[in-house]
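What follows is a set of notes on a single structure, which appears directly below.
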Amino acid sequence: MKEKIVNIIDEILRKKEFPSVNYSLEPSKNPDFGDLSANAALLLAKQLKKNPRDIAKEISAELEKHTDIFTKVEIAGAGFINLFVNNSVYLNVLPVILEKQSEYGKSKINNGKKANLEWVSANPTGPLHAGHGRQVCLGKAIANLLEWSGYEVTREYYYNDAGNQMNNLAKSVYARYMQKFDKDYPFPEDGYNGDYIRECADKIFAEKGDSLKEPDNLDYFKETAEKNNFDKIRSTLQTLGVKHDIYFNETDLYKNKDIEKLLADFKKMGASREEEGAVWLKMDKSRFQKDKVIVKSTGEPTYRLPDMAYHINKIKRGFDYIIDIFGSDHGDTYKEVLYGMELAGYKTDNIKVIIHQMVTFKIGDQSVKMSKRSDNVYYLDDLINDVGVDATQFFFVMRAANTHLDFDIELAKEQSDKNPVYYLQYAYARISGIFRNAKENLPSDIFGNEFKLDLLNAPEEIDLLKVLSGFPEEIVNVSQTLEPHKIITYLNGVAESFHKFYHNNRVINTEDMETTKARLKLCLAAATVLKNGFEIIGINAPERM
RNA sequence: GCGCCCGUAGCUCAGUCGGAUAGAGCAACAGCCUUCUAAGCUGUGGGUCAGUGGUUCGAAUCCACUCGGGCGUACCA
Numbered sequence: 104m105k106e107k108i109v110n111i112i113d114e115i116l117r118k119k120e121f122p123s124v125n126y127s128l129e130p131s132k133n134p135d136f137g138d139l140s141a142n143a144a145l146l147l148a149k150q151l152k153k154n155p156r157d158i159a160k161e162i163s164a165e166l167e168k169h170t171d172i173f174t175k176v177e178i179a180g181a182g183f184i185n186l187f188v189n190n191s192v193y194l195n196v197l198p199v200i201l202e203k204q205s206e207y208g209k210s211k212i213n214n215g216k217k218a219n220l221e222w223v224s225a226n227p228t229g230p231l232h233a234g235h236g237r238q239v240c241l242g243k244a245i246a247n248l249l250e251w252s253g254y255e256v257t258r259e260y261y262y263n264d265a266g267n268q269m270n271n272l273a274k275s276v277y278a279r280y281m282q283k284f285d286k287d288y289p290f291p292e293d294g295y296n297g298d299y300i301r302e303c304a305d306k307i308f309a310e311k312g313d314s315l316k317e318p319d320n321l322d323y324f325k326e327t328a329e330k331n332n333f334d335k336i337r338s339t340l341q342t343l344g345v346k347h348d349i350y351f352n353e354t355d356l357y358k359n360k361d362i363e364k365l366l367a368d369f370k371k372m373g374a375s376r377e378e379e380g381a382v383w384l385k386m387d388k389s390r391f392q393k394d395k396v397i398v399k400s401t402g403e404p405t406y407r408l409p410d411m412a413y414h415i416n417k418i419k420r421g422f423d424y425i426i427d428i429f430g431s432d433h434g435d436t437y438k439e440v441l442y443g444m445e446l447a448g449y450k451t452d453n454i455k456v457i458i459h460q461m462v463t464f465k466i467g468d469q470s471v472k473m474s475k476r477s478d479n480v481y482y483l484d485d486l487i488n489d490v491g492v493d494a495t496q497f498f499f500v501m502r503a504a505n506t507h508l509d510f511d512i513e514l515a516k517e518q519s520d521k522n523p524v525y526y527l528q529y530a531y532a533r534i535s536g537i538f539r540n541a542k543e544n545l546p547s548d549i550f551g552n553e554f555k556l557d558l559l560n561a562p563e564e565i566d567l568l569k570v571l572s573g574f575p576e577e578i579v580n581v582s583q584t585l586e587p588h589k590i591i592t593y594l595n596g597v598a599e600s601f602h603k604f605y606h607n608n609r610v611i612n613t614e615d616m617e618t619t620k621a622r623l624k625l626c627l628a629a630a631t632v633l634k635n636g637f638e639i640i641g642i643n644a645p646e647r648m
């Protein structure tokens, strides 16, 4: 609908031969200012050096001709054009929602394009801890959002089982294993200290007895621990309904020589230098503090080089849009990776990196520890057990990614109106209740396709339709910024409008079947939007609560 | 020290490519259930948008500085 109005305004501006300006057409905050407000005249006034109210007058005279859409066009304040939209415009959205159902809100703007979303990508050194949840849930919602905007989405997990951390893991399990025979056997200083390490050692002991006491070969420990950990990670992801299409293995980049070739390219073009036995990538001093090591003096690459090769690989696979989600602890490193790729001659403008800030978990005033190195870790599984899948998903997606998140476990656990998840889900459950009632007590032809739109004329009914009509536009906007918390803000508005409607207008009224019919349709439309929105943010639509 | 992110109601946070009277939930207070779920609705109170200065018709939003918090600043990933 908004698109239609924008087209009308654009047409008028073109006819008047005004310079093009990037004006806004926003829902008015105050009902006195109509449904929508445009600031085009204010911006034009600056350029044309004319009185903004005069320009507004010219534009609004044209707008007033569209009586099918506008009931009133007003000029207000410094030169805002306030548009009062005809109710029929909103009413006509209802049949559209009913027809499209689970497709309502889906956009085609990115049809035919392929997106790659890489997230989680936790190394298999242990189970996911609660802090990982933010990324898991955020990525789940963003992947959905991309699909709703038309992309074909590949969900990818970068599986990194090379490097020192895995040796460290093996040594940790080995030490726990050896402690079965000698309880004073030293545990590595920077070893992984969680219970899962002991479990893994127990398992190995149960299967292999004392046959692995010789420390010359830790491979078995490494492989077993790695498999154990990754199974745990995948099981947690499954609980949250996350399924990756591709697990990209870092070792493949060694096998197919991508890393070797990239290193050779850097050398050939003089982008790298050797010092103290290590290879350094020459960094742009205006953007980075100093050069970065890409191959250690031991001959092993640092994480940067494989990361560059990995992202080059993604580009070569032909994605139109490549998205990574990282925690703020990686906030600087991705810039190095992108810089390296640019040095190697690849364009990185279709790569978007989402950085989310850290999470503090709180029970009352007490914060919960999350370090992998300490014994008492709050795992993502623990969190899900404590608060449930929906609350976990909702709380992680509820806030903008780039602000710190305080996760109030007590609040998320709360099965009451204090919990913000329920406000939304309750609206859906209420509608389901109405339909249960209607099925039991009304003749089945009440659900027929014919109904009288114009019986919907209560202010709450029109308001609800206004909100519902904004859903497709909301998806388009949010899919551009990839900020799913805005969907929640929007759905809150839907729930609020519905609750108000429900409170003031009884749906099922056996005295007036025609109104009942129309209102049931409105309820169905509201349920459709809620359910579609829930699907994007990744929570369930409960029929009863 | 330097880089990135953040600072909005008692609490948790929306709003930030400049727009009209800064919003929501919770908490507090006062109302509303013989009718489809009161996990709801209605109303009241609550703000120097961290601070100072600047840019302009207009700043929570942009710029500079200051203060406060988080994360980086590894031949860890």
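The first sequence lines up with residues 104 to 648 when you count with the working numbering. Just so you know, even glycine gets a beta-carbon here, dropped at the ideal spot from N, CA and C.
Quiz item: Cβ of residue 259 within 7 Å of Cβ of residue 219?
Solution: Taking C-beta atoms as the reference points, residue 259 and residue 219 count as a pair closer than 7 Å.
Practice problem: Sort 622, 230, 599 and 237 by Cα distance to residue 608 and report the nearest one. | Solution: Closest by alpha carbon: 622.
Self-check item: Through-space distance from residue 359 to residue 425, alpha-carbon basis
Solution: Taking the straight line joining both Cα atoms gives about 22 Å.
Self-check item: At least three beta-carbon pairs within less than 8 Å, the region 385-401 to the region 414-434
Solution: The region 385-401, when compared against the region 414-434, does not touch it at the 8 Å Cβ threshold.
Quiz item: CA-CA distance, residue 295 and residue 271?
Solution: Roughly 8 Å between the two C-alpha positions.
Quiz item: Any idea what DSSP makes of residue 579, helix, strand or coil?
Solution: Reduced to three states, the DSSP call for residue 579 is helix.
Quiz item: Among all the DSSP beta bridges, which residues are the ones paired with residue 232?
Solution: Its beta-bridge partners are 482.
Quiz item: So what does DSSP say about residue 120, is it helix, strand or coil?
Solution: Three-state result, residue 120: coil.
Exercise. Check whether the region 539-557 touches the region 603-620, taking contact to mean three or more Cβ pairs, one atom from each stretch, closer than 8 Å.
Key: Proximity of the region 539-557 to the region 603-620 meets the contact definition, three or more beta-carbon pairs being nearer than 8 Å.
Exercise. Express the C-alpha separation of residue 236 and residue 645 in angstroms, rounding to a whole number.
Key: The straight-line gap from Cα to Cα measures roughly 23 Å.
Quiz item: Quick one: any contact between the region 510-530 and the region 491-501, if contact means 3 or more CB pairs under 8 Å?
Solution: They touch, by the three-pair rule.
Practice problem: Taking the CB atoms as reference points, tell me whether residue 585 and residue 245 lie closer together than 7 Å. | Solution: In this structure, residue 245 lies closer than 7 Å to residue 585 by Cβ.
Quiz item: If you run the structure through DSSP and keep just helix, strand and coil, what is residue 406?
Solution: Three-state DSSP puts residue 406 in coil, outside helix and strand.
Exercise. Put residue 170 into one of helix, strand or coil per three-state DSSP.
Key: Residue 170 sits in coil when the DSSP states are folded into three classes, being neither helix nor strand.
Quiz prompt | Of the residues 238, 324, 252 and 263, the one placed nearest residue 278, counting alpha carbons only | solution = Selected option, being the one with the closest Cα: 324.
Self-check item: Cα-Cα separation between residue 647 and residue 340, rounded to whole angstroms
Solution: Rounded to whole angstroms, residue 647 to residue 340 spans 26 Å at the Cα level.
Practice problem: In angstroms with no decimal places, state the Cα-to-Cα distance between residue 342 and residue 181. | Solution: Note on geometry: alpha-carbon atoms of residue 342 and residue 181 lie some 55 Å from one another.
Practice problem: Would you identify the three-state DSSP class for residue 237, choosing helix, strand or coil? | Solution: In the displayed model, residue 237 falls within a helix according to three-state DSSP.
Quiz item: So what does DSSP say about residue 463, is it helix, strand or coil?
Solution: Of the three classes helix, strand and coil, the one that applies to residue 463 here is strand, per DSSP.
Exercise. Taking residue 158 and residue 148 to be in contact with their CB atoms under 8 Å, please state how far apart those CB atoms are, rounded to whole angstroms.
Key: The beta-carbon separation of residue 158 and residue 148, rounded to 6 Å, stays under the 8 Å limit for a contact.
Practice problem: Determine the burial state of residue 254: buried for a count of at least 16 other Cβ atoms within 10 Å of its Cβ, exposed for fewer. | Solution: Buried, by the Cβ-count rule.
Exercise. Go ahead and pull the three-state DSSP assignment for residue 489.
Key: Residue 489: helix per DSSP, three-state reduction.
Exercise. Specify, as a first and last residue, the run of the beta strand (DSSP E) that residue 375 falls within.
Key: Element bounds for residue 375: 375-378.
Self-check item: Of the residues 509, 453 and 503, the one placed nearest residue 53, counting alpha carbons only
Solution: The chain is shown only over 104 to 648; residue 53 falls outside these bounds and no answer can be derived.
Quiz item: Helix, strand or coil: how does DSSP classify residue 430 here?
Solution: Strand at residue 430.
Quiz prompt | Cβ contact (3+ pairs, closer than 8 Å) linking the region 628-646 and the region 187-206 | solution = As far as the Cβ criterion goes, the region 628-646 touches the region 187-206, which means the pair count is three or higher.
Exercise. Output the distance between the C-alpha atoms of residue 407 and residue 266, rounded to the nearest integer angstrom.
Key: Each residue's Cα considered, the two are about 12 Å apart.
Quiz item: What are the boundary residues of the alpha helix (DSSP H) that includes residue 549?
Solution: Segment: none, residue 549 is in no alpha helix (DSSP H) and carries neither H nor E.
Practice problem: Count the C-beta pairs between the region 587-603 and the region 558-573 that are closer than 8 Å, then say yes if the count reaches three, no if not. | Solution: Yes, the region 587-603 touches the region 558-573.
Quiz prompt | Same chain, Cβ closer than 8 Å to residue 431, neighbours up to 5 away in sequence not counted | solution = For residue 431, the CB contacts under 8 Å within the same chain, skipping 5 residues up- and downstream, are 458, 459, 460 and 461 in chain order.
Quiz prompt | Straight-line Cα distance separating residue 221 from residue 382 | solution = Straight-line Cα distance between these residues: approximately 28 Å.
Quiz item: Where residue 361 and residue 599 are concerned, what is the direct C-alpha to C-alpha distance, given to the nearest angstrom?
Solution: Approximately 54 Å, taken between the alpha carbons.
Practice problem: May I ask you to list the residues that DSSP assigns as paired with residue 140? | Solution: Answer by DSSP bridge pairing, in chain order: 129 and 185.
Quiz item: When burial is assigned at 16 or more other CB atoms within 10 Å of the CB, is residue 506 buried or exposed?
Solution: Counting Cβ neighbours within 10 Å, residue 506 comes out exposed, since fewer than 16 surround it.
Exercise. With distances taken Cα to Cα, identify the nearest neighbour of residue 155 among 121, 172, 134 and 168.
Key: When only C-alpha atoms are compared, the closest one is 121.
Quiz prompt | Boundaries (first-last residue) of the alpha helix (DSSP H) holding residue 600 | solution = Residue 600 -> alpha helix (DSSP H) spans 588-607.
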